[in-house]
Amino acid sequence: SQKIEQNSEALNIQEGKTATLTCNYTNYSPAYLQWYRQDPGRGPVFLLLIRENEKEKRKERLKVTFDTTLKQSLFHITASQPADSATYLCALYTNAGKSTFGDGTTLTVKP
Amino acid sequence: EAGVAQSPRYKIIEKRQSVAFWCNPISGHATLYWYQQILGQGPKLLIQFQNNGVVDDSQLPKDRFSAERLKGVDSTLKIQPAKLEDSAVYLCASSLMGAGDAYEQFFGPGTRLTVL
């Protein structure tokens, strides 16, 4: 069956460091992948999209990579700030637009 | 631009009761989604509409859950009768996406349902 795994443990890092979050998948051939941020009590907010034929995407301090051979996406936040503390979700999409979300990784950035 | 609206924000009911949630997507968004998010988990897709047609409802427990999107705009999700395991946040999202396109989803604030 299809499975998406994100960092099983919460991630705690020091302000200014780079946070790296992992999204691994099995039994899935996604057409594209999205990363979302979710704060407590709120709905997810879109951050970045990357297609299967793209290796890397950047937006300000955010970078996402997509390796369809390893079946893995990495999400990086450089120069992290306490305001980056949140849960980050990866979502995989088929060509038909059907989405499957991972369970998320909770990131805490300490000042 | 107004975001996705959902109501109510919170609902507490007893098991075996019925409940309905309402969602008004962003104007012009053809695709509407309902998700169930259990504490500590990611959103699980219940049903996806494109305009007023169902694209995917494979994970909707059809013996107790129903959803409709009349006139291709707002939507309601109903649970009848509710079970304890239905306690979750119900998220509505919308997007411009059609089949094969890639667009971001805009989420509403969710409805937190507690079944006692």
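Listed in order, the protein sequences are those of chains A and B. Mapped onto the working numbering, the consecutive letters of the first sequence carry residue numbers 4 to 114. Mapped onto the working numbering, the consecutive letters of the second sequence carry residue numbers -10 to 105. Glycine residues also receive a C-beta, built at the ideal position from the N, C-alpha and C atoms.
#### Entry: Partner residues on chain B for K60 (chain A), Cβ-Cβ distance less than 7 Å
Those do not exist, as K60 (chain A) stays about 12 Å from chain B at its closest Cβ, beyond 7 Å.
#### Entry: Short CB-CB distance (under 7 Å) between P43 (chain A) and chain B
no
### Query
Does K66 (chain A) come within less than 7 Å of chain B when only Cβ atoms are used?
no
### For K60 (chain B), three-class secondary structure by DSSP
helix
### Query
Under 7 Å between C-beta atoms, does F78 (chain A) make it to chain B?
no
### Message
Our contact map puts Q5 (chain A) next to C26 (chain A) with C-beta atoms below 8 Å; I'd like the distance itself, whole angstroms only.
### Response
Wrong, their Cβ atoms sit about 13 Å apart, outside the cutoff.
### Query
Per DSSP, what kind of secondary structure is E8 (chain A) in: helix, strand or coil?
strand
### Message
Determine, for L92 (chain A), whether the minimum Cβ-Cβ distance to residues of chain B falls below 7 Å.
### Response
yes
### Query
Does P98 (chain B) come within less than 7 Å of chain A when only Cβ atoms are used?
yes
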